[in-house]
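One structure is given here, and the rest of the page talks about it.
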């Protein structure tokens, strides 16, 4: 069944197409829609047809609506305007978590209409595709698309585009387990953004530098970068950006065991994500609130929120975030003394993190699994997991997490 976000995306897509193509398009589109649904509703009532629910009917109609919109708008626009509208639709699809549709639209621009659009638009199409690949942990395609758009931005001397792509490459390096190199790239991008007065990009680089400092265990620096991002936002009603910053400020507070303060930031972040209909941010907020609820002993709430985040990340094909959900489900089941189930969840998380090179998440999950084995008295298994966790954090130079593991091993005399 289509999610509410998919329905909301289609509504916005039709509105956008109407603005770009005019009244005549909307008249033809609505006429086709009416005739089609009349015929299909009649067909599904024929006894020989398989039984189908009203939800299935609605889903089918909306998928047909999207395909019809893509075909019919091409009849009302020249190729350049059509390609530009496809890009706007791809941005909308990305916003609402309809990533398959976004990638389909971007592929059309890049493969079929590259000669019809301004080089800047083509570069942005590559960059958006790279951004999506980054969130889906598809690092090889992500790197290739970033490098392509960076080359185009350099050719047309688009300094903002260059800095924005350097920002993306910095995040990619962090995700590929080289936070020090990523931090260097991000700092360069931040300096360039400040030099040209690109405030939105300065906010983004500040946010990413905060994330990187958090991974490296420098919590004061992380907080400083997040506060810098908020100060740059000022009174700007940028709900998505504010939601992301508040969420990660909560993560830093949680890492410092300031759970009550962390909860306040997570709540604000979730409210903003709902307001902006940002599906990815909602998933992250659900996940963080689930882990916090587990730490506070509210296991029913934690389970409900973890499963909500699992649903969202499955829709978004975000495997690393799914691995993080498995970790939290493992923590919950360990605390309610369902140890076998907990270990199964932790093992799922480890497997996905290993497949996707999620070194930070792997180390965190190994540490949680080690604590589970300590509870069952299996210290030899705990030692293996603690050594894996230590190795992961050493690879990232994640000093605070490395110290946490070493302190725990000292307590156990391992």
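Numbering (the working numbering), first residue to last: 3 to 416.
Glycine residues also receive a C-beta, built at the ideal position from the N, C-alpha and C atoms.
On a predicted model such as this, the values are computed, not experimentally measured, just so you know.
Within the same chain, Cβ atoms closer than 8 Å to the Cβ of residue 68 are found at 12, 15, 103, the five residues on either side in sequence being excluded.
Going by C-alpha positions, residue 218 is about 7 Å away from residue 402.
Taking C-beta atoms under 8 Å as the contact rule, residue 184 and residue 172 qualify, at a distance of about 5 Å. Note that the C-beta distance between residue 289 and residue 311 is below 8 Å. Relative to the Cα of residue 177, the nearest Cα in the group 416, 412, 398, 221 belongs to 398. Around the beta-carbon of residue 73, fewer than 16 other beta-carbon atoms lie within 10 Å, marking it exposed.
Between residue 231 and residue 212, the beta carbon gap of about 7 Å places them in contact (Cβ cut-off 8 Å). Taking residue 198 as the centre and dropping the five residues before and after it, the same chain places the C-beta of 161, 162, 165 closer than 8 Å to its C-beta, in chain order. The criterion of a C-beta distance shorter than 8 Å is not satisfied by residue 19 and residue 70. Apart from sequence neighbours up to five positions away, the residues of its chain that approach residue 319 with a beta-carbon distance below 7 Å are 101, 138, ordered along the chain. In this structure residue 368 touches residue 394 by the C-beta definition: roughly 7 Å separates them, less than 8 Å. The continuous alpha helix (DSSP H) containing residue 290 extends over residues 281 to 297.
The C-alpha of residue 357 lies about 10 Å from the C-alpha of residue 325. Contact between the region 270 to 277 and the region 238 to 247 is present: three or more C-beta pairs spanning the two stretches fall below 8 Å. In the DSSP annotation of this structure, the continuous segment of the alpha helix (DSSP H) that includes residue 396 starts and ends at 381 to 398.
Between residue 130 and residue 92, the C-beta spacing is below 8 Å. Counting C-beta atoms within 10 angstroms of its own C-beta, residue 204 has 16 or more neighbours from the protein chains shown and is therefore classed as buried.
The residue from 268, 306, 314, 256 with its alpha-carbon nearest to that of residue 297 is 256.
Here residue 322 carries a helix assignment [DSSP, helix/strand/coil]. Here residue 307 is buried: its Cβ has 16 or more other Cβ atoms, across all protein chains shown, within 10 Å. Taking residue 152 as the centre and dropping the five residues before and after it, the same chain places the C-beta of 167 closer than 6 Å to its C-beta, in chain order. The beta carbons of residue 285 and residue 323 sit closer together than 8 Å. Rounded to the nearest angstrom, the gap between the Cα atoms of residue 24 and residue 202 is 32 Å. Here residue 260 carries a coil assignment [DSSP, helix/strand/coil]. Take residue 252, set aside five residues on each side of it, and the residues of its chain with a beta-carbon closer than 7 Å to its own are 264, 267, 268, 271, 290, in chain order. Contact annotation: residue 384 and residue 407 have beta-carbon atoms that are not nearer than 8 Å. Residues of the same chain with a CB within less than 7 Å of the CB of residue 156, apart from the 5 flanking positions on each side, are 164 in chain order. Between the C-alpha atoms of residue 237 and residue 77 there is a straight-line separation of about 42 Å.
For residue 340, the three-state secondary structure derived from DSSP is coil. Following the DSSP letters along the chain, one finds residue 209 inside the alpha helix (DSSP H) bounded by residues 201 to 217.
The alpha-carbon of residue 353 is positioned some 43 Å away from that of residue 17. Excluding its 5 nearest sequence neighbours in each direction, residue 309 has no C-beta neighbour in its own chain below 7 Å.
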